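Participant: Numbering (the numbering used here), first residue to last: 6 to 55.
I am attaching a structure below and will ask some questions about it afterwards.
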Amino acid sequence: MKDRVFTGDTLLINGTGRTDFQNGSAEDAYDSLFNKLLKLPKDTLVYPGS
């Protein structure tokens with residue numbers, strides 16, 4: 006399933022996951038979204054958290 010990605014709580018249906026919890030990291034969330042998720046091929050199926 007190289008054409009699919011499950012984002013868990015990094016990317017939700019209506020936004021992004023919270024980073025204000027213990028061990029949360031806004032920097033890690035930013036890296037995941039902008040340096041990984043948005044660099045995937047355009048035909049990648051994205052399954053966000055709910």
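For every residue, glycine included, the Cβ atom is placed at its ideal position computed from N, Cα and C.
These figures come from a predicted structure and were not determined experimentally.
State the beta-bridge partners of R9 as determined by DSSP.
Facilitator: L50
Participant: Using three-state DSSP, classify D36 as helix, strand or coil.
Facilitator: In the structure shown, D36 sits in a helix (DSSP, three-state: H, G or I).
Participant: Give every residue of the same chain whose Cβ lies closer than 6 Å to the Cβ of Y52, excluding the five residues on either side of it in the sequence, and list them in chain order.
Facilitator: F11
Participant: Might you give, ordered along the chain, the residues of its own chain that have their beta carbon closer than 7 Å to the beta carbon of I18, omitting 5 neighbours on each side?
Facilitator: P53 and S55
Participant: Looking at the structure shown, is L45 part of a helix, part of a strand, or coil, going by DSSP?
Facilitator: Coil.
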